[in-house]
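**Q**
Residue numbers (the numbering used here), protein chains in the order written: chain F, 1 to 117; chain P, 118 to 237.
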């Protein structure tokens, strides 16, 4: 069974602080994808990143970085020098890969990040 | 538009009424997904369509829920005899699958803004 756990329900930080959002997953698939999405107050989910299970290289994109560790089944997301615009709910998600290439996503319950000016 | 479009953005209905929610996917995307997000919760998968294959309906919570898709375009999610527990935001997503675009483009789901359904 596929399962994603985001243990942090809510996090508040002061602007310019760094913050890490945790994500732990469970899957029996040998090939899978991990995702992070951002849901701002407007409600629309914004795609941030996708990682393949066979690529454990960490990735950095501007103030965002992701740490993928298969040994601990974790895919953590760090925001450096947080800004008020980062305030949103962040979802970690997992999908397998079937023959058709289409897969539903299994989502965690999300972490609500509030950046205080 | 270039993104996934959903309508209506808000729907208020009375218990027992039927509702239809519409999704226009990104042009060229072969896969289309419906999810439900209850207040303060993560997204629950409902159904997905991929090309001409039979849809995966494994996430539909009851037989009051159904969905259709015309080819690789518009999809409609129908909820019959709505109940108060159906109140949620219903999100649609689409993704690309094919040889063009490479692996980077595949299996990334792009979401619409959702339809907020309130059952009174």
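For each residue, glycine too, the CB sits at the ideal point set by N, CA and C.
1) Residue 92/F bridges to which residues according to DSSP?
2) Report the start-end ranges of each beta strand (DSSP E) in the stretch 16-63 of chain F that is 3 residues or longer and not cut off at the edges.
3) Is it the case that the stretch 138-155 of chain P contacts the stretch 226-236 of chain P, given that we only count it when at least three CB pairs across the two stretches are under 8 Å?
4) Under a CB-based cut-off of 8 Å, is residue 188/P close to chain F?
5) Select from 41/F, 22/F, 74/F, 33/F the residue whose C-alpha is nearest the C-alpha of residue 49/F.
6) What's the C-alpha gap between residue 39/F and residue 8/F?
7) Any chance the stretch 202-212 of chain P sits against the stretch 146-160 of chain P, with 3 or more Cβ pairs inside 8 Å?
8) Between the C-alpha atoms of residue 19/F and residue 35/F, what's the straight-line distance to the nearest angstrom?
9) Grab me the residues of residue 14/F's own chain with a C-beta within less than 7 Å of its C-beta, minus the 5 sequence neighbours each way, in chain order.
10) Does residue 86/F come out as helix, strand or coil in the three-state DSSP assignment?
11) Any residues in the stretch 42-58 of chain F with a beta carbon nearer than 9 Å to a beta carbon of chain P? Which ones, in chain order?
12) Do the CB positions of residue 198/P and residue 192/P come within less than 8 Å of each other?
13) For residue 77/F and residue 65/F, I'd like the C-alpha separation in whole angstroms.
14) Once DSSP output is grouped into helix, strand and coil, what is the label at residue 201/P?
15) Does the distance from the C-beta atom of residue 237/P to that of residue 131/P stay below 8 Å?
16) Between the stretch 118-126 of chain P and the stretch 68-83 of chain F, do three or more beta carbon pairs fall short of 8 Å?
**A** The structure says:
1) For the purposes of this step, residue 92/F is taken as the residue at position 92 of the first chain. Its beta-bridge partners are 36/F.
2) 19-21, 24-26, 33-39, 46-52, 59-61
3) yes
4) Numbered from its first residue, the second chain carries residue 188/P at position 71. Taking Cβ atoms only, chain F never reaches closer than 8 Å to residue 188/P, which makes this a no.
5) Against the first chain, residue 49/F aligns to sequence position 49. Closest by alpha carbon: 33/F.
6) On the first chain, position 39 is the one that residue 39/F refers to. On the first chain, position 8 is the one that residue 8/F refers to. Distance between the alpha carbons of residue 39/F and residue 8/F is about 16 Å.
7) yes
8) Here residue 19/F is taken as the residue at index 19 of the first chain, counted from 1. Here residue 35/F is taken as the residue at index 35 of the first chain, counted from 1. Cα to Cα, residue 19/F sits roughly 18 Å from residue 35/F.
9) In the first chain, counting from the first residue as 1, residue 14/F sits at position 14. Cβ neighbours of residue 14/F beyond the five flanking positions: 116.
10) One-based indexing of the first chain puts residue 86/F at position 86. Three-state DSSP puts residue 86/F in a helix.
11) 42, 43, 44, 45, 46, 47, 50, 52
12) Numbered from 1 along the second chain, position 81 holds the residue referred to as residue 198/P. Numbered from 1 along the second chain, position 75 holds the residue referred to as residue 192/P. Not a contact, by the Cβ cut-off of 8 Å.
13) Working through the first chain from its first residue, we reach residue 77/F at position 77. Working through the first chain from its first residue, we reach residue 65/F at position 65. If I take the Cα positions, the gap works out to 6 Å.
14) Taking the second chain and counting its residues from 1, the one referred to as residue 201/P is at position 84. Of the three classes helix, strand and coil, the one that applies to residue 201/P here is helix, per DSSP.
15) The residue you call residue 237/P lines up with position 120 of the second chain. The residue you call residue 131/P lines up with position 14 of the second chain. Contact: yes.
16) no
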